[in-house]
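Colleague: Submitted below is the structure of interest, expressed as structure tokens.
There are 2 protein chains.
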Amino acid sequence: MATVKDVARLAGVSTATVSRALANPEIVSPSTREKVEKAALDVGYSPNGLARSLRKSESKTIVVVLPNIDSTFFSDVVHGIEALAHKHGYKLLIGDTGNESSRIGSYFELFESKLVDGVLSLSSDIPESMIINAQGEIKLPIVIAGEYFSDIAVPTVHIDNNYSAKKGVEYLIMMGHHKIACITGKIENPVFNARTNGYKETMKKWKLPITESYILESDLSFISGYNLGRQLLSLKNPPSAIVCHSDEAAIGVLKIAREMQVAVPSELSVIGFDNLALSEYCVPELTTIHQPRQLIGETSMKLLLDILSGKKPNPEMTLPTQLIVRESSCPPPIDQRLQVDL
Amino acid sequence: MATVKDVARLAGVSTATVSRALANPEIVSPSTREKVEKAALDVGYSPNGLARSLRKSESKTIVVVLPNIDSTFFSDVVHGIEALAHKHGYKLLIGDTGNESSRIGSYFELFESKLVDGVLSLSSDIPESMIINAQGEIKLPIVIAGEYFSDIAVPTVHIDNNYSAKKGVEYLIMMGHHKIACITGKIENPVFNARTNGYKETMKKWKLPITESYILESDLSFISGYNLGRQLLSLKNPPSAIVCHSDEAAIGVLKIAREMQVAVPSELSVIGFDNLALSEYCVPELTTIHQPRQLIGETSMKLLLDILSGKKPNPEMTLPTQLIVRESSCPPPIDQRLQVDL
DNA sequence: CTGAAAGCGCTTACAG
DNA sequence: CTGAAAGCGCTTACAG
Numbered sequence: 001m002a003t004v005k006d007v008a009r010l011a012g013v014s015t016a017t018v019s020r021a022l023a024n025p026e027i028v029s030p031s032t033r034e035k036v037e038k039a040a041l042d043v044g045y046s047p048n049g050l051a052r053s054l055r056k057s058e059s060k061t062i063v064v065v066l067p068n069i070d071s072t073f074f075s076d077v078v079h080g081i082e083a084l085a086h087k088h089g090y091k092l093l094i095g096d097t098g099n100e101s102s103r104i105g106s107y108f109e110l111f112e113s114k115l116v117d118g119v120l121s122l123s124s125d126i127p128e129s130m131i132i133n134a135q136g137e138i139k140l141p142i143v144i145a146g147e148y149f150s151d152i153a154v155p156t157v158h159i160d161n162n163y164s165a166k167k168g169v170e171y172l173i174m175m176g177h178h179k180i181a182c183i184t185g186k187i188e189n190p191v192f193n194a195r196t197n198g199y200k201e202t203m204k205k206w207k208l209p210i211t212e213s214y215i216l217e218s219d220l221s222f223i224s225g226y227n228l229g230r231q232l233l234s235l236k237n238p239p240s241a242i243v244c245h246s247d248e249a250a251i252g253v254l255k256i257a258r259e260m261q262v263a264v265p266s267e268l269s270v271i272g273f274d275n276l277a278l279s280e281y282c283v284p285e286l287t288t289i290h291q292p293r294q295l296i297g298e299t300s301m302k303l304l305l306d307i308l309s310g311k312k313p314n315p316e317m318t319l320p321t322q323l324i325v326r327e328s329s330c331p332p333p334i335d336q337r338l339q340v341d342l
Numbered sequence: 001m002a003t004v005k006d007v008a009r010l011a012g013v014s015t016a017t018v019s020r021a022l023a024n025p026e027i028v029s030p031s032t033r034e035k036v037e038k039a040a041l042d043v044g045y046s047p048n049g050l051a052r053s054l055r056k057s058e059s060k061t062i063v064v065v066l067p068n069i070d071s072t073f074f075s076d077v078v079h080g081i082e083a084l085a086h087k088h089g090y091k092l093l094i095g096d097t098g099n100e101s102s103r104i105g106s107y108f109e110l111f112e113s114k115l116v117d118g119v120l121s122l123s124s125d126i127p128e129s130m131i132i133n134a135q136g137e138i139k140l141p142i143v144i145a146g147e148y149f150s151d152i153a154v155p156t157v158h159i160d161n162n163y164s165a166k167k168g169v170e171y172l173i174m175m176g177h178h179k180i181a182c183i184t185g186k187i188e189n190p191v192f193n194a195r196t197n198g199y200k201e202t203m204k205k206w207k208l209p210i211t212e213s214y215i216l217e218s219d220l221s222f223i224s225g226y227n228l229g230r231q232l233l234s235l236k237n238p239p240s241a242i243v244c245h246s247d248e249a250a251i252g253v254l255k256i257a258r259e260m261q262v263a264v265p266s267e268l269s270v271i272g273f274d275n276l277a278l279s280e281y282c283v284p285e286l287t288t289i290h291q292p293r294q295l296i297g298e299t300s301m302k303l304l305l306d307i308l309s310g311k312k313p314n315p316e317m318t319l320p321t322q323l324i325v326r327e328s329s330c331p332p333p334i335d336q337r338l339q340v341d342l
């Protein structure tokens with residue numbers, strides 16, 4: 001491979017001039033610029049990015065830590081990140097943890113290794129020690145997309161998970177539901193913890209009982225929704241509504257309901273979360289909470305870009321969600337309806 | 001940041017010894033090894049990956065070029081790649097082209113820049129000039145997951161798209177269908193070209209007419225399936241079956257059929273392609289062609305790993321597909337049935 | 001506007 | 001088993 005040296009020799013200038021002519025054409029004379037450009041072309045020069053990064057101490061790369069690249073949710077967010085990153089000349093390294101938090105550490109280490117300039121984490125269950133040094137300061141450029149609770153203001157982009165979850169439950173209660181079950185994610189994940197609290201707080205607010213057998217943890221996949229849906233519908237006192245903290249789980253519930261001949265929505269209301277494209281294509285179409293996935297990605301990347309360029313970023317950005325009412329929800333059967341005093 | 005120099009000073013050895021003690025512990029004396037390890041810990045040493053890569057001329061990174069990270073199909077393949085790459089110490093750079101082939105070039109250039117050791121392309125419409133040099137040789141470690149037609153044997157991992165498409169059409173014909181439409185992808189993409197040929201060849205083989213208005217190009221999204229499905233069902237002579245070259249498009253067809261009150265499968269059979277998880281969760285459950293997505297990813301990565309380690313790889317690997325019969329297909333109404341002489 | 005020189009941090013023949 | 005030295009390919013103060 002050709003190097004600056006080869007170009008310099010052919011153009012009859014120093015390597016310093018080659019470097020300048022290629023990086024800052026305006027600071028060399030037009031005639032040398034031309035000579036260098038021609039020589040670079042002739043020898044088929046292409047700069048060694050490793051050497052450049054080593055010298056400049058910047059890799060122009062960031063790592064996206066994500067729990068699971070399979071998930072439509074995350075790939076949409078990554079798409080948003082990618083769009084903005086590319087525009088600013090940043091490359092993206094995949095930091096898939098396969099849902100094992102043990103692998104998170106190795107991706108954070110890429111920063112110490114100078115292989116990435118920063119971390120954009122879509123995982124929110126990160127040990128504090130990875131982010132904060134002994135003096136209690138943030139030790140690397142990082143933005144977290146998701147909930148993160150800490151004494152230190154780590155820049156975070158998220159939706160209001162608590163409030164969004166409440167909206168769904170409240171909507172059901174307004175229609176007269178009171179036997180409302182909840183299929184959520186791993187409760188140690190701050191995102192699902194917040195949503196589950198939203199569910200509980202709303203039930204409490206309306207003086208509705210919180211039944212343990214109505215609150216189910218899962219991985220929020222199709223199959224989990226399917227299995228836990230069966231579990232709920234087999235209860236001697238089954239719910240009249242199920243809120244799911246993912247669209248996939250909700251669609252799993254839709255399927256088992258059909259198999260068990262429980263009519264949705266007339267006998268059972270089902271609500272999802274995310275508003276994935278497919279939520280509009282299932283039967284019945286899914287009522288769900290819309291999350292601006294691509295915007296979450298873009299906004300996180302924008303924040304990280306700010307940090308990287310030395311600006312003080314907003315420490316926290318909350319993006320709006322929206323309840324999308326479609327066909328999978330309606331008031332419960334008359335005999336199960338709750339009279340709410342407004 | 002601490003460097004080898006700092007460790008060397010503290011341990012009282014040379015930088016060469018530090019490097020050896022850390023990379024090949026067995027070639028230094030136990031006592032020095034211990035000193036170095038302790039010193040490294042004390043100063044908080046972490047090796048500079050850029051310097052190492054520059055020196056060793058390998059980045060331990062490969063770029064995954066993919067048309068569209070949003071797509072469930074591709075993210076499953078990437079998942080397979082990731083699993084194996086991680087095991088062998090390789091990092092993955094995202095090369096999302098956002099369906100614009102113009103962006104492919106910049107990802108291939110990462111190899112010249114020494115930023116990646118090879119390319120794993122999930123895009124198959126790559127200009128030959130990016131792969132082959134003036135002497136007609138492959139100029140970089142590359143594996144293509146998908147169809148690639150060339151005089152040069154570029155290592156390729158794929159399914160038999162032509163044959164797989166045929167299986168679906170033949171299955172419909174066996175049941176008596178003859179008015180079979182086809183919603184495919186961009187025909188300039190070799191993958192969809194092969195599938196469409198499979199469709200046409202099967203029709204021809206059974207002496208069935210190939211109707212231009214029955215063959216529709218699209219981006220294979222939900223919405224395209226929905227729109228093109230309407231177009232087909234509005235024809236004065238509508239098809240009794242539609243084969244779609246993605247599950248999403250098939251699910252779009254399912255939706256418009258429902259809205260137009262065309263019963264699936266009794267009045268219309270629908271077949272998808274890919275066997276995404278959701279194909280089992282739609283209504284009716286989708287008959288489709290299974291593709292081993294994760295295996296495609298793993299196999300491609302394995303091939304690339306072989307190339308990277310100097311082995312001659314299999315130039316081409318064809319992975320099996322499978323027709324999965326579910327609820328969305330059945331024989332056509334009696335009056336539309338074709339009598340096939342076997 | 002240009003060149004000589006230093007240096008980013010590592011690894012590896014070479015010599016002992 | 002260990003050290004001195006070179007070098008990967010670039011960029012950038014410094015001096016002119």
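As they're listed, the protein sequences go chains E and P. Numbering of the first sequence is given in UniProt numbering, commencing with residue 1 and proceeding in unit increments. Numbering of the second sequence is given in UniProt numbering, commencing with residue 1 and proceeding in unit increments. Just so it is clear, CB atoms sit at the ideal spot from N, CA and C, and this is done for glycine as well.
#1: Rounded to the nearest angstrom, how far is the Cβ of residue 328 of chain E from that of residue 286 of chain E, given a contact under 8 Å?
#2: Using a Cβ-Cβ cut-off of 8 Å, state whether residue 78 of chain E counts as contacting chain P.
#3: Short of 8 Å Cβ to Cβ, which residues in the stretch 270-290 of chain P face chain E?
#4: Can you tell me where the beta strand (DSSP E) with residue 217 of chain P in it begins and where it stops?
#5: Report all residues from its chain with a CB closer than 7 Å to the CB of residue 86 of chain E; omit the five preceding and five following residues, and keep chain order.
#6: Can you tell me whether residue 407 of chain P is buried or exposed, with buried defined as 16 or more other CB within 10 angstroms of its CB?
#7: What are the residues that DSSP puts in a beta bridge with residue 159 of chain P?
#8: So which residues on chain E does residue 109 of chain P lean against when the C-beta distance must stay under 8 Å?
#9: Would DSSP call residue 70 of chain E helix, strand or coil?
#10: Taking residue 72 of chain E as the query, report the chain P residues whose CB atoms sit under 7 Å from its CB, ordered along the chain.
#11: Taking the continuous beta strand (DSSP E) assigned at residue 96 of chain P, which residues delimit it?
#12: Looking at C-alpha atoms only, which residue of P:24, P:25, P:42, P:279 is the closest neighbour of residue 7 of chain P?
#13: Report the option in E:256, E:172, E:207, E:162 whose CA atom is closest to the CA atom of residue 191 of chain E.
#14: Where DSSP assigns a beta bridge to residue 324 of chain E, which residues make up the other side?
#15: How big is the Cα-Cα spacing for residue 324 of chain P and residue 71 of chain P?
#16: Applying the criterion that 16 or more other CB atoms from any shown protein chain within 10 Å of the CB defines a buried residue, is residue 168 of chain P buried or exposed?
#17: Give a yes or no on whether 8 Å exceeds the smallest Cβ distance from residue 53 of chain P to chain E.
#18: Who are residue 181 of chain E's beta bridge partners in DSSP?
#19: How is residue 145 of chain P classed by DSSP in three states: helix, strand or coil?
#20: For residue 151 of chain E, count neighbouring C-beta atoms within 10 Å of its own C-beta (all shown protein chains included) and say buried if the count is 16 or more, exposed if not.
#21: Does the stretch 60-80 of chain E come close enough to the stretch 28-44 of chain E that 3 or more CB-CB pairs lie under 8 Å?
#22: Put residue 118 of chain P into one of helix, strand or coil per three-state DSSP.
#23: Starting from residue 138 of chain P, follow the alpha helix (DSSP H) in both directions and report where the run begins and ends.
#24: Residue range of the alpha helix (DSSP H) that residue 271 of chain P falls in?
#25: Closest by CA to residue 275 of chain P, which one among P:137, P:35, P:247, P:33?
#26: My output table needs one value for residue 61 of chain E: the three-state DSSP class, helix, strand or coil.
#27: Answer yes or no: does any C-beta atom of chain P fall closer than 8 Å to that of residue 96 of chain E?
#28: Run through DSSP, which three-state label would residue 132 of chain E get?
#29: Do the stretch 137-153 of chain E and the stretch 74-81 of chain P touch if we need at least three Cβ pairs shorter than 8 Å?
#30: Check whether the Cβ atoms of residue 89 of chain P and residue 113 of chain E sit closer than 8 Å, and answer yes or no.
#31: What residues of chain E sit near residue 252 of chain P, judged by a beta carbon separation below 9 Å?
#32: In the structure shown, what three-state DSSP assignment does residue 274 of chain P receive?
#33: Assign residue 147 of chain P to buried or exposed, taking buried as 16 or more other Cβ atoms, counted over all protein chains shown, within 10 Å of its Cβ.
#34: Quick one: does residue 150 of chain P have its CB under 8 Å from some CB of chain E?
#35: Which term fits residue 232 of chain P, buried or exposed, when burial requires 16 or more other beta carbons within 10 angstroms of its beta carbon?
#36: Should residue 187 of chain E and residue 249 of chain E be called a contact, given that it needs their Cβ atoms to be closer than 8 Å?
Modeller: Walking through what the data contain:
#1: Contact holds; Cβ gap of about 5 Å.
#2: Chain P, which has a Cβ nearer than 8 Å to the Cβ of residue 78 of chain E, makes this yes.
#3: Against chain E - using a Cβ distance shorter than 8 Å - the residues of the stretch 270-290 of chain P are 277, 278, 280, 281, 282, 283.
#4: Element bounds for residue 217 of chain P: 215-217.
#5: A distance below 7 Å between beta-carbons, with the five flanking residues on each side excluded, links residue 86 of chain E to no residue of its chain.
#6: Chain P is shown from 1 up to 342; residue 407 of chain P falls before or after that span and cannot be answered.
#7: Paired residue(s): P:319.
#8: Chain-ordered, the chain E residues with CB closer than 8 Å to the CB of residue 109 of chain P read 46.
#9: Residue 70 of chain E falls in the coil class under three-state DSSP.
#10: Residues of chain P passing the Cβ test: 72.
#11: Here the beta strand (DSSP E) through residue 96 of chain P covers 91-96.
#12: With distances taken between Cα atoms, residue 7 of chain P lies closest to P:42.
#13: Cα-wise, what sits closest to residue 191 of chain E is E:162.
#14: Within the DSSP bridge table, the entry for residue 324 of chain E names E:288 as partners.
#15: Going from the Cα of residue 324 of chain P to the Cα of residue 71 of chain P covers about 21 Å.
#16: Per the 10 Å Cβ criterion, buried.
#17: With 8 Å as the cut-off, residue 53 of chain P counts as an interface residue toward chain E.
#18: In the DSSP output, where bridge partners are listed per residue, residue 181 of chain E has E:242.
#19: It is a strand residue.
#20: It is exposed - the Cβ of residue 151 of chain E has fewer than 16 other Cβ atoms within 10 Å.
#21: Flag = no, the stretch 28-44 of chain E and the stretch 60-80 of chain E do not touch.
#22: Strand at residue 118 of chain P.
#23: Boundaries for residue 138 of chain P: no alpha helix (DSSP H) harbours it, and the DSSP string shows neither H nor E there.
#24: Premise fails: residue 271 of chain P lies in the beta strand (DSSP E), 269-271, not in any alpha helix (DSSP H).
#25: For residue 275 of chain P, the closest C-alpha among the options P:137, P:35, P:247, P:33 is that of P:247.
#26: Strand.
#27: With 8 Å as the cut-off, residue 96 of chain E counts as an interface residue toward chain P.
#28: It is a strand residue.
#29: Contact between the stretch 137-153 of chain E and the stretch 74-81 of chain P is absent: fewer than 3 CB-CB pairs across the two stretches fall below 8 Å.
#30: When the beta-carbon positions are compared, residue 89 of chain P and residue 113 of chain E stay at least 8 Å from each other.
#31: For residue 252 of chain P, the chain E residues whose Cβ falls inside 9 Å of its Cβ are 281, in order along the chain.
#32: Secondary structure of residue 274 of chain P (DSSP, three-state): strand.
#33: Under this definition residue 147 of chain P is a buried residue.
#34: Taking a beta-carbon distance threshold of 8 Å, residue 150 of chain P does not count as an interface residue toward chain E.
#35: Buried.
#36: Not closer than 8 Å, so no.
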